[in-house]
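Enquirer: Protein chains in written order, with the working numbering: chain P, 1 to 484; chain Y, 485 to 578. Just so you know, even glycine gets a beta-carbon here, dropped at the ideal spot from N, CA and C.
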Amino acid sequence: MMNDAIIWVIIIPLLGSLISISWSRYASLTAIISNLLALAASIVIVNQVYQSGPFIHELGGWQAGLGISLRADALSSVLLLMSMLVVSAATFYASSYFTDAVKRARFWPLWLMLVVALNALLLSGDLFNLYVTLELLSLSAVALTALSDSRAALQAAIRYLSIGLLGSLVFLAGVALVYMGYGTLDLLALSNKIDASPLSQVAFGLLTAGLLIKSALFPLHFWLPSAHASAPAPVSAALSALVVKVAVYILLRLWMDVFDQVLTPLSAMLLGTLGAIAVIWGSWQALQAQRLKLMAAYSTVAQIGYLFIFLPLIVALPEGSLKDAAFTALLLMALTHGFAKSAFFLSAGVIQQYCGHDRIAELAGTARALPLTTFVIALSGVALIGLPPSGSFLGKWYLVSSSFQAGQWWWVVVIAVGSILATAYVFRILGYAFGPRESVGRVLNGGRKEIPALILALFATLILGFGSAGLWDFVSQHRYFPGS
Amino acid sequence: MISEQLLYSLAGIGLFGIGLRATLLHHMLIPRLLALNVCGAGVFLIFITIAYAGAESRPDAVPHALVLTGIVVAVSATAMSLALGRRLEALNDE
Chain P
1 MMNDAIIWVI
11 IIPLLGSLIS
21 ISWSRYASLT
31 AIISNLLALA
41 ASIVIVNQVY
51 QSGPFIHELG
61 GWQAGLGISL
71 RADALSSVLL
81 LMSMLVVSAA
91 TFYASSYFTD
101 AVKRARFWPL
111 WLMLVVALNA
121 LLLSGDLFNL
131 YVTLELLSLS
141 AVALTALSDS
151 RAALQAAIRY
161 LSIGLLGSLV
171 FLAGVALVYM
181 GYGTLDLLAL
191 SNKIDASPLS
201 QVAFGLLTAG
211 LLIKSALFPL
221 HFWLPSAHAS
231 APAPVSAALS
241 ALVVKVAVYI
251 LLRLWMDVFD
261 QVLTPLSAML
271 LGTLGAIAVI
281 WGSWQALQAQ
291 RLKLMAAYST
301 VAQIGYLFIF
311 LPLIVALPEG
321 SLKDAAFTAL
331 LLMALTHGFA
341 KSAFFLSAGV
351 IQQYCGHDRI
361 AELAGTARAL
371 PLTTFVIALS
381 GVALIGLPPS
391 GSFLGKWYLV
401 SSSFQAGQWW
411 WVVVIAVGSI
421 LATAYVFRIL
431 GYAFGPRESV
441 GRVLNGGRKE
451 IPALILALFA
461 TLILGFGSAG
471 LWDFVSQHRY
481 FPGS
Chain Y
485 MISEQLLYSL
495 AGIGLFGIGL
505 RATLLHHMLI
515 PRLLALNVCG
525 AGVFLIFITI
535 AYAGAESRPD
545 AVPHALVLTG
555 IVVAVSATAM
565 SLALGRRLEA
575 LNDE
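1) Are Ile-32(P) and Thr-99(P) close, meaning C-beta to C-beta below 8 Å?
2) Whose C-beta lies closer than 6 Å to the C-beta of Ala-383(P) among residues of the same chain, with five residues either side of it excluded?
3) Under a Cβ-count criterion, where at least 16 other Cβ atoms within 10 Å of its own Cβ denotes burial, should Asp-126(P) be classed as buried or exposed?
4) Leu-59(P) touches chain Y at which residues, Cβ-Cβ below 7 Å?
5) By the 10 Å Cβ neighbour count, where 16 or more other Cβ atoms means buried, how is Pro-547(Y) classified, buried or exposed?
6) My guess is that Lys-214(P) and Gly-164(P) are in contact by the Cβ rule of under 8 Å, so how many angstroms apart are they, rounded?
7) Out of Pro-198(P), Leu-172(P) and Ala-229(P), which has the shortest C-alpha to C-alpha gap to Thr-208(P)?
8) So is Val-290(P) buried or exposed if we call it buried at 16+ other beta carbons inside 10 Å?
9) With a threshold of 16 other CB atoms inside 10 Å of the CB of Phe-404(P), please say whether the residue is buried or exposed.
10) Using the three-state DSSP reduction, which class does Glu-362(P) fall into: helix, strand or coil?
11) Any chance the segment 4 to 17 of chain P sits against the segment 106 to 125 of chain P, with 3 or more Cβ pairs inside 8 Å?
12) With 16 other CB atoms within 10 Å as the buried threshold, where does Phe-500(Y) fall?
13) Under three-state DSSP, which class holds Ile-56(P)?
14) Can you check the segment 257 to 303 of chain P for any alpha helix (DSSP H) of at least 4 residues that lies completely inside it and give the ranges in chain order?
15) Taking only three categories from DSSP, how would you classify Gly-125(P)?
16) At the 8 Å Cβ level, is Leu-166(P) part of the contact set with chain Y, yes or no?
17) Give the residues from the segment 123 to 147 of chain P that approach chain Y closer than 9 Å (Cβ to any Cβ), ordered along the chain.
18) Is it the case that the Cβ atoms of Ala-176(P) and Ile-497(Y) are separated by a distance below 8 Å?
19) Say whether chain P places a C-beta atom closer than 8 Å to the C-beta of Met-512(Y).
20) Residues of chain P with CB under 7 Å from Ser-565(Y), in chain order?
21) If you follow the alpha helix (DSSP H) that Ala-487(P) is in, where does it begin and where does it stop?
22) At 7 Å on the CB atoms, spell out the chain Y contacts of Met-180(P), in chain order.
23) Rank Val-142(P), Ile-43(P) and Ala-302(P) by C-alpha distance to the C-alpha of Val-417(P) and give the top, closest one.
24) Tell me whether Ala-72(P) sits in a helix, a strand or coil according to DSSP, three-state version.
25) Mind checking whether Val-46(P) and Ala-241(P) have CB atoms under 8 Å apart?
26) Thinking C-beta only, is Tyr-179(P) closer than 8 Å to Leu-188(P)?
27) To the nearest angstrom, how far is the alpha carbon of Gly-338(P) from that of Trp-108(P)?
28) Say whether chain Y places a C-beta atom closer than 8 Å to the C-beta of Arg-253(P).
29) Shorter than 8 Å from the beta carbon of Ile-530(Y) to some beta carbon of chain P?
30) First and last residue of the alpha helix (DSSP H) that includes Gly-67(P)?
31) Who does Asp-186(P) pair with in a DSSP beta bridge?
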C-alpha cells in the first residue's frame with residue numbers, strides 16, 4: 001500500500017474527478033478528501049525518495065519501452081509536494097469561492113483532472129507520456145480558464161488553446177525524431193544513449209521550442225497575461241504557480257539529465273538572455289498594469305525569466321558543489337514563486353469578490369476592510385521581491401554569487417533592476433491598499449478563503465527560507481539514479 | 485525502397501512546415517484550426533514513416549500506438565476550440 005503511493009497520487013484525483021461528475025452534490029467534499037489523500041501520498045513519495053533514493057515503478061509490471069513507467073527523484077518529488085500543497089490550499093479556497101451552482105458543478109471535475117495531469121506529468125518517466133500529460137494539462141487548464149464565461153475569458157481561452165496546441169505539436173515532432181534516432185522514449189535509457197548528432201540537435205531544438213511556448217518565456221509569453229488574469233482566482237493560482245512551472249520542469253529534466261551532451265554554452269546563453277529580457281519586461285509591465293490580477297500575471301512572466309538566467313550559469317560552472325548549488329537555488333526559486341504567486345492570486349480573488357473589481361487605483365481602504373488578505377499580499381510581495389527570510393532571497397543570493405563565479409557578472413545588473421522594479425510594483429499596490437477610507441472590517445472575513453492563502457504565503461516567506469538547508473541535502477543526495 | 489520512405493518523411497516535414505507557417509500567420513479561429521490540423525497531419529506522417537522497416541519485415545507497432553494517441557488528442561483539442569468559438573459567438577450575438 002505504502003509502496004504504491006506513486007500510483008495513488010494519480011488514481012485518487014482521477015477517481016475524485018469521476019465521482020464529482022456523477023454526484024455533483026458531494027463534489028466539494030470529494031475534491032477536499034481526494035486532494036488531502038493525494039497530498040498524503042505525495043508526502044509518502046518524498047519520504048520514500050528520502051529513505052531509499054530515486055525509484056521507478058513499472059505499471060502492471062510491463063517494462064519500459066512497452067509499458068508506462070513512473071519515476072520519482074529529488075526534483076520531481078519536491079515539485080510534486082509543492083504542487084499538492086498549493087492545490088490543496090486552493091481547493092479549500094475554491095469550496096467557498098463559486099456562488100453559482102452551475103459553475104461549481106463544472107469546476108470540480110476539471111479541477112481534479114488538472115491535479116491528475118500535474119501529478120502524472122511530474123512522475124512520467126518517458127517522453128511520450130510527458131506529451132500526453134502536457135496535453136491533458138493544457139486541455140483542463142483551458143476549460144478552467146473559460147469557466148469565467150466572459151468574452152475576455154473565452155477569447156483568452158481560445159488563444160491559450162491554439163498556442164498550446166502548436167507548442168505540443170512542435171514538441172511531438174521532437175519526440176518523433178528522438179524515437180527515429182534512438183528507438184526508445186524512456187528518459188533513463190535516453191540519457192545514456194544521446195550524443196551530439198545533427199538529429200539529436202534538431203530534436204532537442206524542437207522539444208525546447210515547444211516547451212518554451214508552454215513555459216511562456218519572452219517573447220512567447222503573449223498568451224499568458226490575458227489567460228491568467230481572466231480565469232477564476234483559484235484557477236489563476238494554479239495556472240501561474242504550477243501549470244507554467246511544470247513546463248519549465250520538463251525543460252530542466254531534458255536539458256540537465258537527457259540532452260546534457262547536446263546543450264551548448266551558446267544556446268544556454270541565448271535562453272538566459274531571453275530570461276533576462278523577460279525579467280525586465282515582465283516587471284515593467286507589472287508596474288504599468290491597471291488591474292491586480294494582470295499585475296500578478298506579468299509578474300509571473302518576470303519570475304519565469306529568473307529561472308532561465310540560471311541556465312547559462314549551470315552550464316558554465318564546473319561539475320561539483322557550485323553547479324549543484326546553482327541547480328538547487330533554481331529549484332528553490334521555483335518553489336518560492338509557486339507558493340507566493342498562488343497566495344497572491346487567492347488574495348486578489350478575495351479582494352475582487354469584496355470590492356467587485358480589482359482595479360489597482362481604486363483599492364483604497366482595502367487594508368482596513370481586509371487586513372489579513374492585505375497582510376498575505378504583503379507577505380507574498382516579500383517573496384516576489386526576494387527579501388529575507390523568503391526562499392527567493394536565498395535563490396537570488398546564489399544566482400548573484402554563481403554569476404560572479406562563472407564570470408558572467410552582467411546578470412547581476414538584470415537581477416538588481418528586476419528586484420527594484422518588483423519592489424516598486426509590490427509597494428504600489430500596498431500604497432493604494434493603505435489609502436484612507438472610513439469603515440474598519442473584521443480581521444478575518446472569510447476563513448476558508450483567507451487562511452489557505454496565508455498558509456501558502458508563510459511557506460514562501462518563512463518555511464522555505466528557514467528550511468532550505470534540508471532541501472539542499474535532499475537534492476544533492478537524491479538527484480540522480482545510482483549508476484547513471 | 486529507402487527513397488520511398490524518404491519521400492514520405494519529406495512530405496511529413498513539408499506538411500508540418502506549411503501548417504506551422506499558416507498557424508502563425510492566421511488569427512481567425514477556423515483557418516488557424518485548419519492550419520494546426522495540417523501541421524498535426526505532418527507530424528503523424530513522420531511517425532508512420534518511422535514505423536516502416538522495409539517491405540520484408542513487420543512495421544514497428546510503437547509509433548502506430550503513439551499516432552493513435554496523438555490523433556485522439558488533436559481531435560479533442562479541435563472540438564474544444566470549436567465549442568469555445570461557438571460559445572463566444574453566442575455571447576457576441578446576445
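Expert: Taking the structure as given:
1) The answer is no: Cβ separation not under 8 Å.
2) So the list reads Thr-336, Ala-340, Ser-390, Ser-392, Ala-460 and Thr-461, once near-sequence residues are dropped.
3) Buried, by the Cβ-count rule.
4) Residues of chain Y whose Cβ lies closer than 7 Å to the Cβ of Leu-59(P) do not exist; the shortest such Cβ separation is about 15 Å.
5) Flag for Pro-547(Y) reads buried.
6) Here Lys-214(P) really is in contact with Gly-164(P); their C-beta atoms are around 7 Å apart, less than 8 Å.
7) Answer by Cα proximity: Leu-172(P).
8) Sequence check: residue 290(P) is Gln here, not Val. If you draw a 10 Å sphere on the C-beta of Gln-290(P), you find fewer than 16 other C-beta atoms in it, and that means exposed.
9) With fewer than 16 other Cβ atoms from the protein chains shown falling within 10 Å of its own Cβ, Phe-404(P) counts as exposed.
10) Three-state DSSP puts Glu-362(P) in a helix.
11) Yes, the segment 4 to 17 of chain P touches the segment 106 to 125 of chain P.
12) Answer is buried; the Cβ neighbour count reaches 16.
13) Judged by DSSP in its simplified three-state form, Ile-56(P) adopts strand.
14) Secondary structure within the segment 257 to 303 of chain P: the alpha helix (DSSP H) runs of 4 or more consecutive residues, fully enclosed, are 265 to 288 (chain order).
15) Shown here, Gly-125(P) sits in coil according to DSSP, grouped into three states, outside any helix or strand.
16) So yes, Leu-166(P) belongs to the interface.
17) For chain Y, the residues of the segment 123 to 147 of chain P that bring a beta carbon within less than 9 Å of one of its beta carbons are Phe-128, Tyr-131, Val-132, Glu-135, Leu-136, Ser-138, Leu-139, Val-142, Ala-143 and Ala-146, in chain order.
18) Contact flag unset, no.
19) Under the 8 Å criterion on CB atoms, Met-512(Y) is classed as non-interfacial with respect to chain P.
20) By Cβ distance, chain P contributes Ile-158, Leu-161 and Ser-162.
21) Residue 487(P) falls outside the range modelled here, since chain P spans only 1 to 484, and no answer is possible.
22) Taking the beta carbon of Met-180(P) as reference, the chain Y residues within 7 Å of it are Ile-534, listed in sequence order.
23) From the listed residues Val-142(P), Ile-43(P) and Ala-302(P), the smallest Cα separation to Val-417(P) is found for Ala-302(P).
24) Note: Ala-72(P) maps to strand in three-state DSSP.
25) Against a cut-off of 8 Å, the Cβ pair of Ala-241(P) and Val-46(P) comes out as no contact.
26) Taking 8 Å as the Cβ cut-off, Leu-188(P) and Tyr-179(P) do not qualify as a contacting pair.
27) Their Cα atoms are separated by approximately 21 Å.
28) Chain Y, which has no Cβ nearer than 8 Å to the Cβ of Arg-253(P), makes this no.
29) Closer than 8 Å to some Cβ of chain P, the Cβ of Ile-530(Y) qualifies, so yes.
30) No residue range can be given for Gly-67(P), since it is assigned to no alpha helix (DSSP H) and is classified by DSSP as neither H nor E.
31) DSSP, once it has assigned bridges, lists Asp-126(P) as partnering Asp-186(P).
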